[in-house]
Every structure is written in C-alpha cells, then in structure tokens.
Amino acid sequence: MKNIPKIIHQIWSDKYKPLPPFCSVLAETWKEKHPDWMYILWNDKMMDEFVQKEYPQYCDAYNNLTFDIQRWDAIRFFILKKMGGLYIDTDYECLENIKPLIENARFAIALDPDSHYHMINFPHILNHALMASIPNHPFLERVINEIFSEKVYKTSPENKFLYVMETTGPRMISQLYYSISLDEKSDILLLEPKYVTPFDLTQINMLKSGVENEELEACLDEAYAVHYYSNSWF
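Numbers in my numbering are just positions in the sequence shown, counted from 1, shifted up by 2.
Next up, the structure:
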C-alpha cells in the first residue's frame with residue numbers, strides 16, 4: 003500500500019494580488035506543524051506550466067473554463083493525481099500535525115459541518131478545500147473526467163456561485179462520490195467535521211466579529227485544522 007507523500011500543496015493566483023498577510027500567517031502553521039514535509043505554493047506561472055507539461059491533452063479545455071476559480075479548482079486535482087500529497091486552501095489554519103488522521107488512507111477529503119447540508123441534496127458535503135491522496139488515485143481520475151466532460155449544467159454561468167459549485171466545486175465532487183460503488187467509496191476516507199471543519203459558517207462569522215465563548219472553544223477539542231471560509235474568489 004502506497005503512503006500519501008509528505009508534500010503540502012497550496013495555490014494562489016498572483017496575477018491579481020499577492021498572497022494576503024492573513025493567508026501567509028496561516029501557511030506558516032502548516033509548515034510549523036509539518037517540519038519534515040515539503041511545502042509548495044503554486045502561483046499562476048507554475049500552474050500553467052504544470053498543465054502544459056503534465057496534462058497537455060487538457061490544456062485548451064483548462065484555459066477555456068469560464069471562471070478563474072474553476073481553473074484553481076481543477077489544478078488541485080491535477081497536482082494530487084500526478085504528485086500526491088496534501089492539498090489545503092490558503093484560508094485553512096493547522097492546529098495539529100495531520101498525519102494521524104490520514105496515515106492509513108489512500109485518498110481523504112474534508113466534510114463540511116452538518117448545518118451546511120441544506121445547501122446540497124446529499125447526506126454530506128465533500129469539500130475539496132482539504133484533500134490528501136496518493137498519486138494516481140482512481141477517484142482523482144474520475145473527478146478530472148467529470149470536470150472536463152461535455153455534460154450540460156443546470157445552472158447558468160450568470161449565477162457564478164452555483165455554477166462553480168456545480169461544475170468544479172463541492173456540489174460536483176459530492177454528487178460524484180454518491181454516484182460511485184460501495185467498493186470505490188471504501189477507498190475514500192471522509193474526514194469528520196470535528197477534525198478539519200470544526201466551525202460552521204455561523205460560528206466563523208461569530209469568530210470574525212470577536213465573539214469568545216464556551217461553545218466556540220468546545221468546537222476545537224478534537225480539531226486538527228480550521229477552515230475560515232473566506233470565499234475570496236467570490
């Protein structure tokens with residue numbers, strides 16, 4: 003059984019603005035808690051060159067995606083399929099070394115908190131803001147094929163948020179997960195919210211407004227990481 007490589011991947015498009023200081027601070031938490039892991043921050047030039055070199059068959063389709071965020075969604079799957087490792091969005095903070103959570107996994111992905119499930123017609127929301135994988139995991143191949151399929155989407159690009167959710171975001175990957183066989187699902191580790199997404203959107207907004215209470219403190223009891231849901235792309 004292959005192990006997930008000790009590589010941390012983050013992406014940031016620097017054609018609009020540099021990585022915000024807030025995200026730089028969060029990135030340091032991953033480096034500090036994983037001192038023996040390689041860390042890569044992928045910028046636009048690196049991402050474009052990677053697709054051209056490793057996935058030339060997808061170059062045109064990748065460049066023709068409607069929104070930049072769709073490319074930033076797609077590239078994370080390309081990177082993990084080729085190199086493996088841990089992918090995390092730049093609005094994620096690390097509290098503990100994540101190895102104990104994923105050491106027996108071949109592919110792992112974060113679940114959103116239960117209170118978010120009303121936004122999607124599935125038992126769980128799989129959120130690709132945090133994923134870990136061995137190289138060439140078959141689910142990654144499925145996701146890439148889904149993103150670049152010729153299917154017709156229900157949502158118009160005029161509704162950017164829902165369109166992205168449906169084409170490259172959590173709605174797409176959740177729908178795909180629930181369409182595969184039980185045998186395929188058994189090779190995917192769903193990381194419980196209490197470990198990697200301990201706060202829901204309401205609680206995150208409370209934190210951002212400066213609220214401190216026992217409810218919020220209790221959410222961190224078993225947490226390895228915190229997702230701040232900045233949605234800067236939107």
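Glycine included, C-beta positions come from ideal geometry on N, C-alpha and C.
Around the Cβ of Asn106, a 10 Å sphere holds fewer than 16 other Cβ atoms; the residue is exposed. Segment contact: the segment 5–22 against the segment 33–46, three or more CB-CB distances shorter than 8 Å; contact assigned.
CA-CA distance, Leu209 to Cys221, rounds to 12 Å.
According to DSSP, residue pairing for Glu105 in a beta bridge does not occur. For Ser135, the three-state secondary structure derived from DSSP is strand. Short of 6 Å from the beta carbon of Asp93, and not among the five residues preceding or following it, lie these beta carbons of its own chain, in chain order: Tyr230 and Ser232. In this chain, the beta strand (DSSP E) harbouring Ala227 covers Ala227 to His229. Taking 8 Å as the upper bound for CB-CB distance, Ser15 and Asp70 are in contact here, some 6 Å apart.
By the neighbour-count definition (other C-beta atoms within 10 Å, threshold 16), Phe79 is a buried residue.
When only Cα atoms are considered, Lys35 and Leu218 end up about 22 Å apart.
Just measuring C-alpha positions, the residue of Leu128, Leu178, Glu214 and Lys17 sitting nearest Pro195 is Leu128. Of the residues assessed, Pro23 falls on the exposed side of the cut-off, its CB having fewer than 16 other CB atoms within 10 angstroms. Between Lys187 and Asn138, the C-beta spacing is not below 8 Å. Distance from the Cα of Pro172 is smallest, within the candidate group Glu30, Gln12, Ala112 and Asn99, for Ala112. Taking 8 Å as the cut-off, the beta carbon of Tyr226 is found closer than this to the beta carbon of Ile100. The residue among Ser26, Arg73 and Lys33 with its C-alpha nearest the C-alpha of Met49 is Arg73.
Between Phe141 and Phe109, the C-beta gap is smaller than 8 Å, which places the two residues in contact. When rounded, the separation of the alpha-carbon atoms in Ile77 and Val53 is 8 Å. As DSSP reads the structure, Cys96 sits in a beta bridge with Ala227. 8 Å or more divides the Cβ of Tyr179 from the Cβ of Glu168. The continuous alpha helix (DSSP H) containing Leu209 extends over residues Leu203 to Lys210.
The DSSP-derived three-state label of Leu28 is helix. Around Lys47, the same chain offers no residue with a beta carbon nearer than 7 Å, after the five sequence neighbours per side are excluded. Tyr165 carries a helical assignment under DSSP once its states are collapsed to helix, strand and coil. Under the 10 Å beta carbon count, Val27 is surrounded by fewer than 16 other beta carbons and is classified as exposed.
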